[in-house]
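5 is the number of the first residue of the sequence shown in our numbering; add one for each residue after it.
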Amino acid sequence: MSLTTPNFLPPSRVMTCVLINSLRSRMLSVVIVS
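And the structure:
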């Protein structure tokens, strides 16, 4: 079985992307401040 909708993402994948983005932005802000 293959997914026919390329735009579909599992909720866990979405949450992982959100967490990674927030961590990256936080690290960037820390680097900019210091």
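Backbone N, C-alpha and C fix where the C-beta goes; we use that ideal spot for every residue, glycine too.
Inter-residue spacing [alpha-carbon to alpha-carbon] between residue i and residue j
i: M19; j: M31; result: 18 Å
i: M5; j: L23; result: With a pLDDT of 47 at M5, under the threshold of 50, the modelled position of this residue cannot be trusted; read the value that follows with caution. Taking the straight line from one Cα to the other gives about 29 Å.
i: R17; j: V37; result: 30 Å
i: S33; j: N25; result: 12 Å
i: V35; j: P14; result: 32 Å
Extent of the continuous alpha helix (DSSP H) to which residue i belongs
i: P14; result: From DSSP, P14 is part of no alpha helix (DSSP H); its letter is neither H nor E.
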